[in-house]
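A short worksheet on the structure shown next.
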Amino acid sequence: MIGPTVAGILTSFTQSYNAALIGAARNEEMIMPYVNIKITNENVTPEKKAALIKGATQLLVDVLDKNPNTTVVVIDEVHTDNWGIAGESITVRRKKGQ
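For the sequence shown, the residue numbers in full-length UniProt numbering are 1 to 98.
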């Protein structure tokens, strides 16, 4: 049986932000790291999500020297019916014991 499925997508994007949002000069253009973590929605606690956010942020700081204050991490929870591997949903695979 497979455990909670996790996939991450890291991208960078450029966008103008208001000073009130991130403390930068008004309309200053900056590159912000954006991490999108997709997990199946299976009892992932708020504490585990907080650890994912903290860990992903720290990884970008350590590896890419990114500013943690401008790093955005988004966690998307996907129902197992909507996540497929090898032509089958995770729900079906779990019922089969895969």
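We put the CB at the ideal spot given by N, CA and C, even for glycine.
In the DSSP assignment, find the beta strand (DSSP E) that holds residue i and state where it starts and stops.
{"i": "S61", "result": "Inspection of the sequence shows that residue 61 is occupied by Val rather than by Ser. Taken as a continuous stretch (DSSP letters only), V61 belongs to no beta strand (DSSP E), being part of the alpha helix (DSSP H) at P46 to L64."}
{"i": "residue 99", "result": "This structure cannot settle anything about residue 99, because the visible part of the chain is limited to 1 through 98."}
Let me confirm a value: residue i is counted as buried when at least 16 other C-beta atoms fall within 10 Å, else exposed. Which label applies?
{"i": "V63", "result": "exposed"}
{"i": "K48", "result": "exposed"}
{"i": "K54", "result": "exposed"}
For residue i and residue j, what's the separation of their Cα atoms in angstroms?
{"i": "E28", "j": "I37", "result": "Residue placement at E28 is poorly supported in this model, since its pLDDT is 47, which falls under 50; the coordinates still yield a value, given next. Looking at the two C-alpha atoms, the distance is approximately 27 Å."}
{"i": "V74", "j": "N41", "result": "14 Å"}
{"i": "I31", "j": "A56", "result": "17 Å"}
{"i": "E77", "j": "A51", "result": "15 Å"}
What three-state label does DSSP hand residue i in the structure shown?
{"i": "T40", "result": "strand"}
{"i": "K95", "result": "helix"}
For residue i, write down the residues that DSSP places opposite it in a beta bridge.
{"i": "G84", "result": "S89"}
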